[in-house]
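Undergrad: Protein chains in written order, with my numbering: chain H, 1 to 358; chain F, 359 to 716.
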DNA sequence: CTGAAAGCGCTTACAG
DNA sequence: CTGAAAGCGCTTACAG
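1. Which residues in chain H sit within 7 Å of residue 438(F), going by Cβ to Cβ distance?
2. Go ahead and label residue 622(F) buried or exposed: buried means 16 or more other beta carbons lie within 10 angstroms of its beta carbon, across all protein chains shown.
3. Given a threshold of 16 other Cβ atoms within 10 Å of its Cβ, counted over all protein chains shown, does residue 590(F) qualify as buried or as exposed?
4. Report the neighbours of residue 455(F) on chain H: residues whose CB is nearer than 7 Å to its CB, in chain order.
5. With distances taken from CA atoms, which of 385(F), 707(F) and 682(F) is nearest residue 540(F)?
6. Mark residue 382(F) as exposed unless 16 or more other C-beta atoms lie within 10 angstroms of its C-beta, in which case mark it buried.
7. Please report whether the beta-carbon of residue 661(F) lies at a distance below 8 Å from any beta-carbon of chain H.
8. Which of helix, strand or coil does DSSP assign to residue 640(F)?
9. For the stretch 529-548 of chain F against the stretch 580-600 of chain F, do three or more pairs of beta-carbon atoms, one drawn from each stretch, fall closer than 8 Å, so that the two count as touching?
10. Could you please give the first and the last residue of the uninterrupted alpha helix (DSSP H) stretch that includes residue 394(F)?
11. Interface residues of chain H around residue 652(F) at Cβ under 8 Å?
12. Name the residue from 72(H), 114(H) and 278(H) whose alpha carbon lies nearest to the alpha carbon of residue 663(F).
13. Identify which residue in 472(F), 411(F), 499(F) and 449(F) has its Cα closest to the Cα of residue 27(H).
14. In the DSSP output, which residue or residues are listed as bridge partners for residue 268(H)?
15. Give me whichever residues DSSP pairs with residue 168(H) in a beta bridge.
16. By alpha-carbon positions, which one of 450(F), 526(F) and 494(F) ends up nearest to residue 514(F)?
17. Tell me whether residue 186(H) is buried or exposed, calling it buried when 16 or more other Cβ atoms sit within 10 Å of its Cβ.
18. When the cut-off is 8 Å and only beta carbons count, does residue 539(F) lie next to chain H?
19. The stretch 273-297 of chain H: which residues have C-beta closer than 8 Å to a C-beta of chain F, in chain order?
20. List the residues of chain F whose Cβ lies closer than 8 Å to the Cβ of residue 267(H), in chain order.
21. So which residues on chain F does residue 121(H) lean against when the C-beta distance must stay under 7 Å?
22. How about residue 324(F) and residue 700(F): do their beta carbons lie closer than 8 Å?
23. Whether or not the stretch 458-474 of chain F and the stretch 443-450 of chain F are in contact is what I'm after, with contact meaning three or more pairs of Cβ atoms, one per stretch, closer than 8 Å; do they touch?
24. Count the other CB atoms, across all protein chains shown, that sit within 10 Å of the CB of residue 377(F); report buried if there are 16 or more and exposed otherwise.
25. At the level of alpha carbons, what is the spacing between residue 48(H) and residue 79(H)?
26. Expressed to the nearest angstrom, what Euclidean distance is found between the alpha-carbon atoms of residue 201(H) and residue 642(F)?
27. Quick one: list the residues of chain H neighbouring residue 605(F), beta-carbon separation under 9 Å, in chain order.
28. In three-state terms, what does DSSP make of residue 670(F)?
29. Could you check the C-alpha separation between residue 247(H) and residue 687(F) for me, to the nearest Å?
30. Under DSSP, the beta strand (DSSP E) around residue 664(F) begins and ends at which residues?
31. Taking the DSSP output, what are the residues bridged to residue 238(H)?
32. Smallest Cα separation from residue 139(H): which of 96(H), 120(H), 151(H) and 125(H)?
33. Would you be able to state if there are at least three C-beta pairs under 8 Å between the stretch 164-176 of chain H and the stretch 199-219 of chain H?
34. Looking at chain F, which residues of the stretch 135-167 of chain H have a Cβ within less than 9 Å of any of its Cβ atoms?
35. Hey, residue 339(H) and residue 197(H): beta-carbon distance below 8 Å or not?
36. Within the same chain, show all residues whose beta-carbon is closer than 7 Å to that of residue 96(H), passing over the 5 residues directly before and after it, in chain order.
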């Protein structure tokens, strides 16, 4: 641990010194006040743009000049201690490598910044330690609120979370107990995808779904079934398999699907990352896409254009989801029930991986 | 702005109250001290595991019991104000969507956490605002130090950065002026890649390099040239093109390369994201990989296995780079000159995209 | 309209 | 070996 600066009380002396060039002596409001010949309360009001403050333009300018001259920057720790707000939002994700979360982060970060906050992103499994411990660290007054995107939440984490006494919000998943979440219309995304296949004339449509516990997986499966039923088709359990949201998972599930003997003419994949593996597995099995099997997936990525064949996808407003999550966290009361679906347009992006059955 | 809690001085009253269940009355050290019948200084020493403190085990247990009973959590703002340390590290990256940074973040986060700090990751272009403004926000005493990974840094940012008076370190790039950086051995990675092609018998080896300003691009190009020269081959400027580190950039550069009429038998791509586009462009041009053209790229990703054909790559210790960066920032003095190359093994991962020239 | 004062919750030299 | 006190840098009701 580094010692706190010694500095007995040389504030006055430093006031006239040249701008604090990085090193050493921290410049405080008192220094600015002394140089501008006003009280530090006035400096505070000027810095925070207090509407109530009436001050001669000339005095205000003197304060600004002093701030510039000394290179003053306000101290967040002192501010936080006084106001009991940190201006920081936390966001928990399962994994930085998942491009879906990259979109959510980007949206949340932009919104937070626009509202004068910064965003602190952490992974639940960081450094092999339990998410619970990470939550404890954030809970020491480091954040004003917590966004929890995707991934499962254990009971211990849930417990810790509520003991923190800060507002939180689930993103892209619903909770078991309290209603505090923002999600997308995953059911509709699945509907759009499967409708596209149905319109092309497919009837034997398989589903490579998400992991058992995932709330998004549940809703996408519901959409898949609903679309089939609307066309008087009965969902065939042999055509419905489970994969985690990774390329390898998608490949394994597809191999399993084909081994079952059931030959679909089209596959609806619940997640674009899995779909990458689905394409690999189909190729390995000697099947052509889309001639033998059509493939469509939820979530669009720049990468989709470069897959072989280029992947048809359903684009979801992930960035908007992140932004809205940050907004809700910042504008609602901790006790409020929040159960919102972001209704931004969901788009079908037709590329090369879907076509009529042969 | 929310008002600070009113709370005249009911500390004593709350001390005996049930655990602060989230809402309202914040529990402080004084509360714990009162309940445990010791001075709050003692609580502080117990909480911080002060080695110098000698205390009866019984008393220590009383303090711990009080902490548990009240659900006490120390307040970071007060701590920071007192100690002039935040326990937070900042990391600036150009873009969350780039999987290369995901690896760096993961390494840095784990290391920071292991050292009792949290990591705050931000993007330079967040919400369309200049990196400079973001730096200003972080500069208000929010972080103890700043890691700057990749991406260009403007003069204004450089200026702001040094005016902040906090230690910083460039990651995966060198600076123009002061030596404060950790990098990988990019020259050697390029050497390994090109050597692989040379060993297969290739002589007309093209280079799809990184963007003009990028320091990694410079060093990978140097490695490419060095490998050729070591085999008495003269680098051909017509075989050396520039792309940004994206699939689309790689595709454009390859199209340009082929349009020039020069037909390489192999391509060394400076970055795996570009390589995705290189494969697409070759396919579009009707060329087979590796029969007509071999392709190898720097950086390995899970995705490489699923490209068509599976991409041969050179794996770099990106996670270690992130971890080492965090470690250096936390263990060196702000004035120290740091110019380190992380020497973890660089591995050649041979897949399907390279073979002998036909 | 401006200034003086209190106090946010902690840590740590210092005195007893 | 433990406790009382000072003070980190701010903000904001309140008094003048």
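Built from N, CA and C at the ideal position, the CB exists for glycine as well.
TA: According to the structure data:
1. Translated into the one-based positions of the second chain, residue 438(F) becomes position 80. 77, listed in chain order.
2. As a first step, residue 622(F) must be located in the second chain, where it is residue number 264. Under this definition residue 622(F) is a buried residue.
3. In the second chain, counting from the first residue as 1, residue 590(F) sits at position 232. Burial state of residue 590(F) is exposed, judged by a 10 Å Cβ sphere holding fewer than 16 other Cβ atoms.
4. Working through the second chain from its first residue, we reach residue 455(F) at position 97. Counting only Cβ-Cβ distances below 7 Å, residue 455(F) has contacts in chain H at 99 and 102, in chain order.
5. The sequence position of residue 540(F) within the second chain is 182, counting from 1. Of 385(F), 707(F) and 682(F), the residue nearest in Cα terms is 682(F).
6. Numbered from 1 along the second chain, position 24 holds the residue referred to as residue 382(F). The pLDDT assigned to residue 382(F) is 45, lower than 50, so where the model puts this residue is not dependable, and the model offers no usable value.
7. Translated into positions along the second chain, residue 661(F) becomes position 303. Yes, residue 661(F) lies at the interface with chain H (some Cβ there is under 8 Å from its Cβ).
8. By one-based count along the second chain, residue 640(F) stands at place 282. Helix, per DSSP.
9. Three or more pairs of CB atoms, one per stretch, sit closer than 8 Å, so the stretch 529-548 of chain F contacts the stretch 580-600 of chain F.
10. Locating residue 394(F) in the second chain gives position 36, counting from the first residue. For residue 394(F), the enclosing alpha helix (DSSP H) starts and ends at 387-394.
11. Your numbering for residue 652(F) matches position 294 in the second chain. Chain H residues near residue 652(F): none, gap ~18 Å exceeds 8 Å.
12. Position 305 of the second chain, counted from the start, is the residue given in the question as residue 663(F). Of 72(H), 114(H) and 278(H), the smallest CA-CA separation from residue 663(F) is found for 278(H).
13. Here residue 27(H) corresponds to residue number 27 of the first chain, with the count starting at 1. Answer by Cα proximity: 499(F).
14. The sequence position of residue 268(H) within the first chain is 268, counting from 1. The partner list for residue 268(H) (beta bridge, DSSP) reads 207(H) and 296(H).
15. For the purposes of this step, residue 168(H) is identified with residue 168 of the first chain, where counting begins at 1. Residue 168(H) is bridged to 146(H).
16. Residue mapping note: residue 514(F) aligns to position 156 of the second chain, counting from 1. Residue 514(F) has its Cα closest to that of 494(F), out of 450(F), 526(F) and 494(F).
17. Taking the first residue of the first chain as position 1, residue 186(H) is located at position 186. Buried, by the Cβ-count rule.
18. Translated into positions along the second chain, residue 539(F) becomes position 181. No, no contact with chain H.
19. Listed in sequence order: 276, 277, 279, 280 and 283.
20. As a position in the first chain, residue 267(H) is number 267, starting the count at 1. Per Cβ cutoff of 8 Å: no residues; residue 267(H) is ~16 Å from chain F at best.
21. As a first step, residue 121(H) is located in the first chain; it is residue number 121 there, counting from the start. Chain-order list of chain F residues neighbouring residue 121(H): 479, by C-beta distance under 7 Å.
22. No information on residue 324(F) is available, as it lies outside the stretch 359 to 716 that chain F covers here.
23. Under the Cβ criterion (8 Å, minimum of three pairs), the stretch 443-450 of chain F counts as touching the stretch 458-474 of chain F.
24. Here residue 377(F) refers to the residue found at position 19 when the second chain is read from its first residue. With a pLDDT of only 40 at residue 377(F), under 50, the local geometry of the prediction cannot be trusted, and the value read off the model is given with reservation. It counts as exposed.
25. Numbered from its first residue, the first chain carries residue 48(H) at position 48. Numbered from its first residue, the first chain carries residue 79(H) at position 79. Using only the alpha carbons, I get a separation of about 11 Å.
26. Along the first chain, read from residue 1 onward, the residue named residue 201(H) stands at position 201. Along the second chain, read from residue 1 onward, the residue named residue 642(F) stands at position 284. In a straight line, the C-alpha of residue 201(H) is about 29 Å away from that of residue 642(F).
27. Mapped onto the second chain, residue 605(F) falls at position 247. Simply 302, 303, 305 and 306.
28. For this step, residue 670(F) is matched to residue 312 along the second chain. Residue state, collapsed to three classes: strand.
29. Your numbering for residue 247(H) matches position 247 in the first chain. Your numbering for residue 687(F) matches position 329 in the second chain. In this structure, the CA atom of residue 247(H) is about 35 Å from the CA atom of residue 687(F).
30. Within the second chain, the letter at position 306 stands for residue 664(F). Membership of residue 664(F) in any beta strand (DSSP E) is not indicated, and neither H nor E is assigned to it by DSSP.
31. On the first chain, position 238 is the one that residue 238(H) refers to. DSSP output for residue 238(H) lists no bridge partner at all.
32. Working through the first chain from its first residue, we reach residue 139(H) at position 139. Closest by alpha carbon: 120(H).
33. Because the criterion of three Cβ pairs below 8 Å is met, the stretch 199-219 of chain H and the stretch 164-176 of chain H touch.
34. Shown in chain order are the members of the stretch 135-167 of chain H whose Cβ falls below 9 Å from a Cβ of chain F: 136, 137, 138, 139, 140, 141, 142, 162, 163, 164, 165 and 166.
35. For the purposes of this step, residue 339(H) is identified with residue 339 of the first chain, where counting begins at 1. For the purposes of this step, residue 197(H) is identified with residue 197 of the first chain, where counting begins at 1. Contact annotation: residue 339(H) and residue 197(H) have beta-carbon atoms that are not nearer than 8 Å.
36. By one-based count along the first chain, residue 96(H) stands at place 96. These residues qualify, in order along the chain: 123.
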